[in-house]
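Here's the structure, in structure tokens; my notes come after.
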Amino acid sequence: MMDRKQIAETLLTLSPAEVANLKEGIHFFRNKTTGKEYILYKEKDHLKACKNLCKHQGGLFMKDIEDLDGRSVKCTKHNWKLDVSTMKYINPPGSFCQDELVIEMDENNGLSLVELNPPNPWESDPRSPEELAFGEVQITYLTHACMDLKLGDKRMVFDPWLIGPAFARGWWLLHEPPSDWLERLCKADLIYISHMHSDHLSYPTLKQLSQRRPDIPIYVGDTERPVFWNLDQSGVGLTNINVVPFGIWQQVDKSLRFMILMDGVHPEMDTCIIVEYKGHKILNTVDCTRPNGGRLPEKVALMMSDFAGGASGFPMTFSGGKFTEEWKAQFIKAERRKLLNYKAQLVKDLQPRIYCPFAGYFVESHPSDKYIKETNTKNDPNRLNNLIKKNSDVVTWTPRPGAVLDLGRMLKDPTDSKGIVEPPEGTKIYKDSWDFGPYLEILNSAVRDEIFCHSSWIKEYFTWAGFKNYNLVVRMIETDEDFSPFPGGYDYLVDFLDLSFPKERPSREHPYEEIHSRVDVIRYVVKNGLLWDDLYIGFQTRLLRDPDIYHHLFWNHFQIKLPLTPPNWKSFLMHCD
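Just so we're on the same page, my numbering is the position in the sequence shown counted from 1, plus 197.
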């Protein structure tokens with residue numbers, strides 16, 4: 198039987214008006230074309246959705262009149278009850294969870310309910326686990342999200358970020374990678390890169406690799422925005438990039454195969470992977486918010502996922518209104534705790550034999566980001582692992598650079614002292630110096646670029662960006678290192694309703710944002726047509742908004758949907774002269 202490519206199917210759409218009229222609580226909807234029924238639950242700004250279909254025997258749900266909180270529905274067949282705020286069945290208790298549907302918002306605030314199909318593609322062509330010899334499968338942690346996997350006589354590497362910064366100059370490696378990292382990359386038979394964020398797709402790392410092995414096979418998922426959308430401009434000469442469809446086994450040899458899956462929340466850019474060797478699965482969910490729409494294989498041999506939090510400019514880079522230091526600290530503490538509990542619950546539900554928290558080992562080490570480093574606290578991997586051990590029998594592994602996990606040994610006897618070999622005594626674990634200079638010089642060179650001698654670059658850039666017909670006025674202010682106005686820098690307004698550049702704010706009612714950006718980073722981003730993740734996730738801005746509303750369409754456009762080719766500055770300069 199031929200594998201069927203996994204696709205996202207739209208089951209129901211609601212118009213912007215229907216979405217605007219949604220009240221708090223439970224809503225029942227029917228797709229008039231297919232006759233299928235759905236449930237939508239709204240609590241404040243959060244929405245959840247599922248099929249109106251009881252898992253017991255397929256009965257329809259109706260409102261539960263005994264439920265005074267308005268959170269549960271009751272099956273018309275056997276009175277089973279589902280709490281739609283948690284998607285767990287409460288009668289009988291502890292029985293099932295309801296499969297959630299993915300909710301996607303369009304540019305006009307309309308809504309679609311989406312299901313990934315087939316939902317569990319790894320079940321096609323199942324293979325029984327064979328016994329592994331000691332040393333046959335070894336996983337070596339290098340840094341952050343980078344693992345070096347020995348799988349029989351093949352080697353596979355995940356997400357190599359081994360040198361330089363990520364997100365312009367905001368993130369630097371916490372761990373010191375093993376000194377032979379480049380030799381390890383060069384020996385790989387294949388590399389998986391999960392998504393385009395620069396702590397996973399590191400062009401400085403790949404530049405060094407490409408000089409030695411330009412033809413190394415690299416595999417990425419078929420995301421809406423290509424992972425390597427910026428390859429031509431990067432100057433990195435990789436020649437063997439393979440874009441593969443979601444949900445289909447890719448056979449490497451008779452014992453080894455892998456499958457890339459999409460994220461349910463960010464299908465346009467995020468992916469995760471299942472690697473299977475002789476029937477033993479390794480699940481790497483990377484940064485996915487809701488990997489594969491929440492449906493994942495259970496009882497895998499090894500699972501690894503992010504855990505740390507802190508990969509956002511919110512709320513550290515915000516000021517005004519509620520954004521006091523006390524509020525920020527409380528918010529960050531609560532968010533980290535929520536993430537920790539979510540990851541612990543996920544591991545408990547999936548019951549992998551071994552779990553490894555990774556992809557959170559970064560630090561805001563540049564001196565100018567001292568404030569971010571101090572306020573942007575992250576989860577401790579040992580705390581998560583202790584939480585997991587308290588609730589389950591899952592074996593946990595907190596990785597250190599150069600540590601090696603022998604899967605055959607660990608599956609046979611998790612207490613085997615040779616199951617995990619730590620790096621030799623005296624190995625440097627944490628970085629204490631970073632080579633800031635060359636990377637900051639690249640950014641700084643953009644400040645002096647001829648483009649910015651002509652104020653008309655502003656209109657040229659935002660016209661190229663293509664975001665308009667949206668009632669938002671943004672004030673952009675170029676700043677120095679300390680976010681004070683840059684001498685001679687630009688300070689201007691953009692009215693995105695008609696894409697005009699007024700001298701003062703318009704008299705009509707309008708939401709307003711102020712974006713203070715370090716001049717080297719904003720000009721580098723503008724010049725090269727890069728995504729604004731470098732600014733926002735890289736902590737290179739300070740933001741103020743009135744009212745305090747997140748403008749999803751605006752930020753989503755500048756972080757994900759900018760044109761794939763950079764502005765034509767050559768033509769612009771010719772017309773300026």
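Note that CB positions come from ideal geometry on N, CA and C, so glycine has one too.
Q: Evaluate the contact criterion for the segment 513-528 versus the segment 334-348: three or more CB pairs, one atom per stretch, below 8 Å.
A: no
**Q.** residue 763 - DSSP class collapsed to helix/strand/coil
**A.** coil
Q | Separation of residue 713 from residue 680, as counted between CA atoms | A | 7 Å
Q | 7 Å Cβ shell around residue 492 - same chain, five flanking residues per side excluded | A | 296, 316, 317
Q: Check whether the Cβ atoms of residue 474 and residue 634 lie closer than 9 Å to each other.
A: no
(Q) Quick test of your reading: residue 847 and residue 436, contact by CB under 8 Å. State the CB separation rounded to the nearest angstrom. (A) This structure leaves residue 847 out entirely; the chain is present only between 198 and 774.
Q. Using the rule of at least 16 other Cβ atoms within 10 Å of the residue's Cβ for burial, across every protein chain shown, is residue 319 buried or exposed?
A. buried
Q) Is residue 521 buried or exposed, if buried means 16 or more other CB atoms sit within 10 Å of its CB? A) exposed
**Q.** Ranges of the alpha helix (DSSP H) found wholly within the segment 426-513, counting only runs of at least 4
**A.** 428-431
Q. Which partner residues does residue 206 have in the DSSP bridge list?
A. 312
Q. How big is the Cα-Cα spacing for residue 764 and residue 655?
A. 12 Å
Q) Grouping DSSP H, G and I as helix and E and B as strand, with all else coil, what is residue 363? A) strand
Q) To the nearest whole angstrom, what separates the beta carbons of residue 550 and residue 584, a pair I think is in contact under 8 Å? A) In fact, because the Cβ distance is near 18 Å, the residues do not count as touching under 8 Å.
Q: Could you spell out the range, first to last residue, of the alpha helix (DSSP H) harbouring residue 648?
A: Unbroken run through residue 648: none, as it is neither H nor E.
Q) Taking the DSSP output, what are the residues bridged to residue 393? A) Partner(s): none; residue 393 has no beta bridge.
(Q) Assuming residue 247 is part of the beta strand (DSSP E), what are its boundary residues? (A) 243-248
Q) By Cβ distance below 6 Å, which residues in the same chain neighbour residue 782 in space, the five residues on each side in sequence not counted? A) Residue numbering for the chain in the displayed model covers 198 to 774; residue 782 lies beyond these limits and cannot be assessed.
Q) Apart from the five residues just before and just after residue 433, which ones in its own chain have a Cβ nearer than 6 Å to its Cβ? A) 400, 403, 404, 407
Q: Please report the Cβ distance between residue 455 and residue 449, rounded to the nearest whole angstrom; I am assuming they are in contact, meaning their Cβ atoms lie under 8 Å.
A: 7 Å
Q. Which class does residue 288 belong to by DSSP, given the choice of helix, strand or coil?
A. strand
Q: Give a yes or no on contact between the segment 696-703 and the segment 713-729, applying the rule of three or more CB pairs nearer than 8 Å.
A: no
Q.
I'd like the list of long-range same chain contacts for residue 362, defined as Cβ closer than 7 Å, with 5 residues on each side in sequence excluded.
A. 368, 369, 636
Q: Over the uninterrupted beta strand (DSSP E) stretch that includes residue 216, give me the two end residues.
A: Note, residue 216: premise wrong, no beta strand (DSSP E); alpha helix (DSSP H) at 213-217.
(Q) In whole angstroms, give me the CA-to-CA distance for residue 236 and residue 540. (A) 26 Å
**Q.** For residue 663, three-class secondary structure by DSSP
**A.** coil
Q. From residue 298 to residue 215, what does the alpha carbon distance come to, in whole angstroms?
A. 18 Å
Q: Following the continuous alpha helix (DSSP H) through residue 757, name the residue where it begins and the one where it ends.
A: 749-757
Q: Just the C-alpha distance for residue 615 and residue 596, rounded to the nearest angstrom, thanks.
A: 15 Å
Q. Assuming residue 627 contacts residue 392 under a Cβ cut-off of 8 Å, what Cβ separation, rounded to an integer in Å, is found between them?
A. Contact doesn't hold; Cβ gap of about 26 Å is too wide.
Q: Take every Cβ of the segment 202-221, pair it with every Cβ of the segment 319-331, and state whether three or more of those distances are shorter than 8 Å.
A: no
(Q) Let me check understanding here. Comparing Cα to Cα, which of 715, 457, 300, 509 lies closest to residue 682? (A) 715
**Q.** DSSP bridge partner residues for residue 618 (one or two, in chain order)
**A.** 601
Q | Distance CB(residue 355)-CB(residue 481) smaller than 9 Å | A | yes
Q: Please confirm whether any heavy atom of the ligand HEM lies closer than 8 Å to the CB of residue 697.
A: Although the ligand HEM was asked about, the structure shown includes no ligands whatsoever.
Q) If you draw a straight line from the alpha carbon of residue 357 to that of residue 472, how long is it in whole angstroms? A) 17 Å
Q: Could you give the DSSP three-state label for residue 703: helix, strand or coil?
A: coil
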